[in-house]
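Residue numbers (UniProt numbering), protein chains in the order written: chain A, 1 to 513; chain B, 1 to 349; chain C, 1 to 347.
What follows is a single structure, written as structure tokens, with notes after it.
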Amino acid sequence: MEYVIEMLNIRKEFGNFVANDNITLQLEKGEIHALLGENGAGKSTLMNVLFGLYQPEGGEIRVRGKKVDISNPNVANDLGIGMVHQHFMLVENFSVTENIILGSEPTKMGVTNKKDAAQKVAKLSEQYGLNVDPYAIIEDISVGMQQRVEILKTLYRGAEILIFDEPTASLTPQEITELIQIMKRLIAEGKSIILITHKLKEIMDVSDRVTVIRKGQGIGTVTTAETNPNELAALMVGRQVTFKTEKGPAHPTEETLTVQDLVVEDYRGIAKVKNLNLTVRKGEIVGIAGIDGNGQSELIEAITGLRKVKSGKVLIHGKDVTGMKPRKVTESGVGHIPQDRHKHGLVLDFPIGHNIALQTYYTAPISKSEIMDYNKITEKAQQIIKDFDVRTQGPHEPARALSGGNQQKAIIGREVDRNPDLLIAALPTRGLDVGAIEFIHSRLIEQRDNGKAVLLISFELDEVMNVSDRIAVIHDGEIVDVVIPEETTEQQLGLLMAGHADKDKKGGKHRVE
Amino acid sequence: MSNRATNLLVPIVSVVLGLIVGAIIMLVSGYSPIEGYAALWNGIFGDLYTIGETLRQITPYLLAGLAVAFAFRSGLFNIGVEGQLIVGWFAAAYVGVAVELPKIIHLPLAILAAAVAGALWGFVPGLLKAKFRVHEVIVTIMMNYIALHVTNALIRTVSDGGDRTERIFASASLRSEFLENLTEFSRLHLGLLLALIMVAVMWFILEKTTLGFELKAVGFNQHASEYAGMNVNKNIIMAMVISGAFAGLAGAMEALGTFEYVSSKGGFTGIGFDGIAVALLGMNTPLGVVFGATLFGSLKYGALNMPNAAGIPIEIVEIVIAVIIFFVASGYIIRLLLLRAAGKKKEAK
Amino acid sequence: MLAAGVLAACGSEEDTSNGGDSAEGGEGTEEASDFSVAMVTDVGGVDDKSFNQSAWEGIQKFGEDNGLEKGDGGFDYLQSASDADYNTNLNNLIRRDFDVVFGIGFLMEGAVKEIAEQQPDAQIAIIDAVVDAPNVASVMFKEQEGAFLAGVAAALMTETDKIGFVGGMEIPVIERFEAGFLEGVKAVDDSIEVDVQYTGAFDKAELGKTTANRMYSAGADIIFHAAGGTGNGVFTEAKERKEANPDENVWVIGVDADQYEEGQTGDANVTLTSVLKRVDNAVIDISEQAMNGEFPGGETITYGLSDEGVALADSRGAIPEDVMSQIEEYKEKVISGEIEVPETVSE
């Protein structure tokens, strides 16, 4: 078998920390090779070694059988290696073509020749079925389309080997399906692909072989057809993992959260939430399914008092909290896991202990008559770190230094520890690995079983389907339908989310309120 | 390289580098660096008088540095320390000349007036930032000019068309016979104690109170603070008010200590602007400000002796002093370079 | 004067040589004397083209005339970067045993008073302010008398019957200039309009320029400035107008020093004349008195037209002879006391 890339026994150290230890990855020509590992397992480090951003301390890299020294990304480019980054590196107000030629602008007598470039882009787009308009402006096109621009960028530079770094993280289910087709098309056209991911479903769907790494160690390579998600998960985490979130039936009682005819506008005065009605009862998890940007953020911010309500009401236990300050809402028994943990959930430059106290610093025992007792913060933090399995050097470690999963666990610990009647969890597992996801889901269900109300907002269909007791589908600021997960398929849900509400069905048997 | 070794090495390396470059400048300009630095040294530590005066010079820098640092810690850039200092100066001097009261009431009242005036001058940009998101840098710069010209006009009114107020009553003065006798009639005054107390106050607010916790959180991440239920607007205003109060106290040092009067000014005092450098040198921590103010005040004051004792023109002296401060400020760059060098070595192994 | 004599004796290090001091003094001998003199500038600096510079020129001249050298025991100056530096600089010079130390400018009033109290043996002189202390000589000028003549000249020379006055800060010194100038104009012709503007600063040339622009545009043809560096902007504006249109009739009256050089543009010159404030003469005068053991401690000495403390600079032909003779008449009247120029503007 011909290998286009061989990374043999790669070792990479940062000071005393070994990020990659004896990892071997061999990419066959024309295959989709998945690189699987938990967050922080060393996937990105390995790929940065391949891309010339880091120099390995041990091992060797061969490209098409020849030993190479990839000293910088330009060398990688010349070898035909291209990277599709997780966070797109695009200039928002430039056109597709301008973004693609950025950094290697073709010139005719000193003048940038965009026309030729645009034609080349159009041709590539057609060849690989990418359906990208070379003249479209980046900020006007969808996230999925932007990703295809990133793919085009690598192809334009003559990449034969494409590295996809967590490509599905921000895509809708439909876009994911399209991406998988594109990847298969690329293979058909003779390219080879390394797919970095921690999502087992994708691996099973698309990859030929899987290399698993765990805590910097190469665990081995398996053929996808000969394995199953459970085995992969076990390889990745190092223990058995349950997938189907285990939960008993819900026993909902009285209403905890009631949203009535809510209208919320953005700063331009455009309604983002339109006459929305929603209830969450004690002892149930209501999932809000929807594509990003359909009013989820505005809805949460309106409930938690962070955003002005134009009209309508928000009731907690029947008590009107509309227009109250965030702290008053919080004190009414609401916990909130914000969707952007770096921007909204944590003060990254604060120690993790301070972050854990972010909602309780002004109350006893942490402070008495405005005087803080930092020892009490440390005590509290230690307890939450222990209870919620936050892996950290201790309460004094800056939040920034923790991995995403552990940051999220700390936030959840902070919110759950206050024992709120309503817990709002927005994208609580975004970017986390299976182990952390499992942990977080079980905590949400535990809250439910303790008789609390949980409102879950997620862009991941799996998550909404697995965790929720009811699913409210949001589209364009409205709840278009409320369904029971057991009676709904992902396909139906996807259509509802995309706004193709079946008019006949609406209010029909799936509607449960 | 161990952390401790770097911590010790960095300031030494930066000061030595600064002195060397300063020496080269003096040599090139045809003056003796040895005489120059001897004059600088004597200008700072020469005798009890110069030591007293050096400490006197450090005092307003301490408070101006605290003012800038406090705002910085809350994520605000207070360029308006200069203006807050000027109104504080005027307010203290006005209370000092307007009434005569027992010292126990008069002095605290004059100090309080300065703090309130400075706080008020900080309140305006704080309010505009909180309510209308007007950038505090713009507002504070403008408030500096307003302060300068308003106080000049007030001084004219108070002094019946003159250019300075009467000397304040002794009952409002920070000067102490004890300190004057101790330092051969330098202008060292009790304000130094007040400034050091304020260093402790800033530390206490930031490290011991819920307000400090909120201010730091807001300073690092307004969004997360808002999500955590903190009143970000209130914190912005509080930060500016407290910062302004520190700056006003710096003005009180001049009004009740150094000068004992206020005169109309053709331009800014510069202390408020130097406060920015003092705060940054001190990494915006209370103790760091003590270090920054000491360095700044000592060099500024000692420099006066270089034309006096070594005959070096003041222009050259100012360049030399600026170079030394520049190198100390670059200490962070030097630290980075040292660390990187150490890192490289490790990687190469 | 007993006190002053005693003080002069104390100020010198070698008391024994003191007797010789006064013997040698008097008519500027070429031999080196033991007498030493120094000055502290205000924040304007020693090259301010104004009173600091003028004072330093006086000290240098005094030094030359008496065979002194720059440095300890001769003559020297220290510059102040901020108001807080005055005390230190004065103190430093006194500690270096200069016999007389000058504080230049009203800004130094507080510092001089304080140091005078702390150092009762020192002899200090202050320019442009009055400090009531037995060891301080206060030097004042009758700026209003010089400005009066400038007002006369402007009133006689204006063709548009519109004149401008640009002041720096509204402080007593500048107000004396204003008062004298207005009085001078009025003495010639009551109907001439004088536009008075204060810029609020001595170091804002751009403000001076825009103010002058407004005045000239409104029809004024002569502007008298008493605004230090701000006044440089007045010159700039006038010169630009002259360059753009050599026939335009624009003039500036300078202040403190002879500002003829400031007004030169090509072959033309916009400086009509300058109101001289002879700080140099005053410094020399005080130094000589002190050298003779007659330091006027505790006194306020005011220099006016009669003792050439203030004067009009040579107009270099800008003012014709017949006008000059009229100005001369007014000057005589002021000196004789027939005309008394007020210090403040009468409402």
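Beta carbons are placed, not taken as given, at the ideal position from N, Cα and C, and that holds for glycine.
Predicted, not measured: the structure shown is a model, and the values here were computed from it.
In this structure, does DSSP put C:Met-169 in helix, strand or coil?
By one-based count along the third sequence, residue 169 of chain C stands at place 169. In this structure, C:Met-169 counts as coil in the three-state DSSP scheme.
Kindly indicate if chain C contains any beta-carbon less than 9 Å away from that of B:Ser-176.
Taking the second sequence and counting its residues from 1, one reaches residue 176 of chain B at position 176. It does not; no Cβ of chain C falls within 9 Å.
From C:Ser-36 to B:Asn-305, what distance separates their C-alpha atoms?
Along the third sequence, one-based indexing puts residue 36 of chain C at 36. Along the second sequence, one-based indexing puts residue 305 of chain B at 305. Between C:Ser-36 and B:Asn-305, the C-alpha separation is close to 19 Å.
If you run the structure through DSSP and keep just helix, strand and coil, what is B:Met-253?
Counting from one through the second sequence, the residue named residue 253 of chain B turns up at place 253. Helix at B:Met-253.
Tell me where the beta strand (DSSP E) around C:Thr-273 begins and ends.
Numbered from 1 along the third sequence, position 273 holds the residue referred to as residue 273 of chain C. Note, C:Thr-273: beta strand (DSSP E), 271–277.
Cross-chain neighbours of C:Phe-106 in chain B, by beta carbon under 8 Å:
Here residue 106 of chain C is taken as the residue at index 106 of the third sequence, counted from 1. Chain B residues near C:Phe-106: Asp-163.
Indicate whether at least one CB of chain C lies closer than 9 Å to the CB of B:Ser-264.
Reading the second sequence from its first residue, position 264 is the one you call residue 264 of chain B. Judged by the 9 Å Cβ criterion, B:Ser-264 is in contact with chain C.
Under 8 Å Cβ-Cβ, which residues of chain B neighbour A:His-336?
Your numbering for residue 336 of chain A matches position 336 in the first sequence. What A:His-336 touches in chain B: Tyr-227.
Just the C-alpha distance for B:Phe-220 and A:Leu-455, rounded to the nearest angstrom, thanks.
The residue labelled residue 220 of chain B in the question sits at position 220 within the second sequence. The residue labelled residue 455 of chain A in the question sits at position 455 within the first sequence. In this model, B:Phe-220 and A:Leu-455 are separated by some 29 Å (Cα to Cα).
Can you list the residues of chain A that B:Phe-220 reaches, using a CB-CB cut of under 9 Å?
Within the second sequence, numbered from 1, the residue matching residue 220 of chain B stands at position 220. Ordered by position in chain A, the residues that pass the 9 Å Cβ test against B:Phe-220 are Val-347, Leu-348, Asp-349, Phe-350.
Residues near A:Val-263 in its chain [Cβ-Cβ closer than 7 Å; skip 5 each side]
Walking along the first sequence from the start, residue 263 of chain A turns up at place 263. Counting only Cβ-Cβ distances below 7 Å, and skipping sequence neighbours, we find Ala-271, Val-273, Lys-274, Asn-275, Lys-310, Ser-311, Gly-312.
List the whole-angstrom C-beta distance separating A:Pro-56 from A:Ile-5, where the pair is believed to meet the contact cut-off of C-beta under 8 Å.
On the first sequence, position 56 is the one that residue 56 of chain A refers to. On the first sequence, position 5 is the one that residue 5 of chain A refers to. With 8 Å as the limit, A:Pro-56 and A:Ile-5 do not qualify as a contact, their Cβ atoms being about 14 Å apart.
Let me confirm a value: B:Leu-40 is counted as buried when at least 16 other C-beta atoms fall within 10 Å, else exposed. Which label applies?
Looking up residue 40 of chain B in the second sequence gives position 40. Buried, by the Cβ-count rule.
Near residue 350 of chain C, which residues of its chain fall below 6 Å by C-beta distance, leaving aside the five closest residues on each side in sequence?
Residue coverage of chain C in this structure runs from 1 to 347, which leaves residue 350 of chain C outside it and unanswerable.
Thinking C-alpha only, which one of B:Ala-98, B:Leu-101, B:Val-81 is nearest B:Ala-115?
Reading the second sequence from its first residue, position 115 is the one you call residue 115 of chain B. For the residues B:Ala-98, B:Leu-101, B:Val-81, the minimum Cα distance to B:Ala-115 belongs to B:Val-81.
Exposure of A:Gly-477, with buried meaning 16 or more beta-carbon neighbours within 10 Å:
Here residue 477 of chain A is taken as the residue at index 477 of the first sequence, counted from 1. Flag for A:Gly-477 reads buried.
Buried or exposed by the 16-neighbour rule on C-beta atoms within 10 Å, applied to B:Arg-56:
Translated into the one-based positions of the second sequence, residue 56 of chain B becomes position 56. Buried is the label assigned to B:Arg-56, since at least 16 other Cβ atoms lie within 10 Å of its Cβ.
In the region 164–196 of chain C, which residues sit with their C-beta less than 9 Å from some C-beta in chain B, listed in chain order?
Per Cβ criterion, the list reads Gly-168, Met-169, Glu-170, Ile-171, Pro-172, Val-173, Glu-175.
Any beta carbon from chain B within less than 9 Å of C:Met-91's own beta carbon?
On the third sequence, residue 91 of chain C is found 91 positions in, with the first residue counted as 1. The sequence shown places Asn at residue 91 of chain C, not Met. For C:Asn-91, the answer is yes, since a Cβ of chain B falls inside 9 Å of its Cβ.
Would you mind reading off the limits of the alpha helix (DSSP H) that contains A:Phe-439?
Translated into positions along the first sequence, residue 439 of chain A becomes position 439. Here the alpha helix (DSSP H) through A:Phe-439 covers 434–449.
Any residues in the region 309–322 of chain A with a beta carbon nearer than 8 Å to a beta carbon of chain B? Which ones, in chain order?
none
So which residues on chain C does B:Ala-151 lean against when the C-beta distance must stay under 8 Å?
Taking the first residue of the second sequence as 1, we reach residue 151 of chain B at position 151. Checking the displayed sequence, the identity of residue 151 of chain B turns out to be Thr instead of Ala. Per Cβ cutoff of 8 Å: no residues; B:Thr-151 is ~12 Å from chain C at best.
Which one of A:Lys-368, A:Thr-221, A:Leu-25, A:Glu-415 has the shortest CA to CA distance from A:Ile-384?
In the first sequence, residue 384 of chain A corresponds to position 384, counting from 1. Of the candidates A:Lys-368, A:Thr-221, A:Leu-25, A:Glu-415, the one whose C-alpha sits nearest the C-alpha of A:Ile-384 is A:Glu-415.
Between which two residues does the alpha helix (DSSP H) carrying C:Phe-148 extend?
The residue you call residue 148 of chain C lines up with position 148 of the third sequence. First-last of the alpha helix (DSSP H) with C:Phe-148: 143–157.
Counting only C-beta atoms, is B:Gly-212 closer than 9 Å to chain A at any point?
Mapped onto the second sequence, residue 212 of chain B falls at position 212. Interface residue, yes.
Contacts that C:Asp-97 makes with chain F (C-beta to C-beta distance below 8 Å)
Looking at the structure shown, chain F is missing, and the protein chains on hand are A, B and C.
Only counting the same chain, and skipping five residues up and downstream in sequence, which positions put a Cβ closer than 6 Å to that of B:Gln-222?
Locating residue 222 of chain B in the second sequence gives position 222, where the first residue counts as 1. These residues qualify, in order along the chain: Val-232.
Buried or exposed (CB count within 10 angstroms, at least 16 for buried), A:Ile-371
Taking the first sequence and counting its residues from 1, one reaches residue 371 of chain A at position 371. With fewer than 16 other Cβ atoms within 10 Å, it is exposed.
What did DSSP end up calling A:Ile-5 once you bin it into helix, strand or coil?
Along the first sequence, read from residue 1 onward, the residue named residue 5 of chain A stands at position 5. The answer is strand: DSSP assigns A:Ile-5 an E or B state.
On the three-pair Cβ rule with 8 Å, is the region 78–94 of chain B touching the region 137–149 of chain B?
yes
Let me know the alpha helix (DSSP H) ranges lying completely inside the region 217–303 of chain B, each 4 residues or longer, listed in chain order.
Listed in chain order, the complete alpha helix (DSSP H) runs (minimum 4 residues) inside the region 217–303 of chain B are 222–227, 232–253, 271–281, 286–303.
Helix, strand or coil at C:Lys-49 [DSSP, three-state]:
One-based indexing of the third sequence puts residue 49 of chain C at position 49. Residue state, collapsed to three classes: coil.
Tell me, please, whether the CB atom of A:Met-372 is closer than 9 Å to any CB atom in chain B?
On the first sequence, residue 372 of chain A is found 372 positions in, with the first residue counted as 1. Closer than 9 Å: yes.
Is any heavy atom in the ligand GDP found nearer than 8 Å to the beta carbon of B:Lys-216?
By its list of ligands, the structure shown contains no ligand whatsoever, and the ligand GDP lies outside what it can speak to.
Tell me where the beta strand (DSSP E) around A:Gly-59 begins and ends.
Translated into positions along the first sequence, residue 59 of chain A becomes position 59. Where A:Gly-59 is concerned, the enclosing beta strand (DSSP E) stretches over 58–63.
Unbroken stretches of the beta strand (DSSP E), 3 residues or longer, contained in the region 272–332 of chain A
285–289, 311–316
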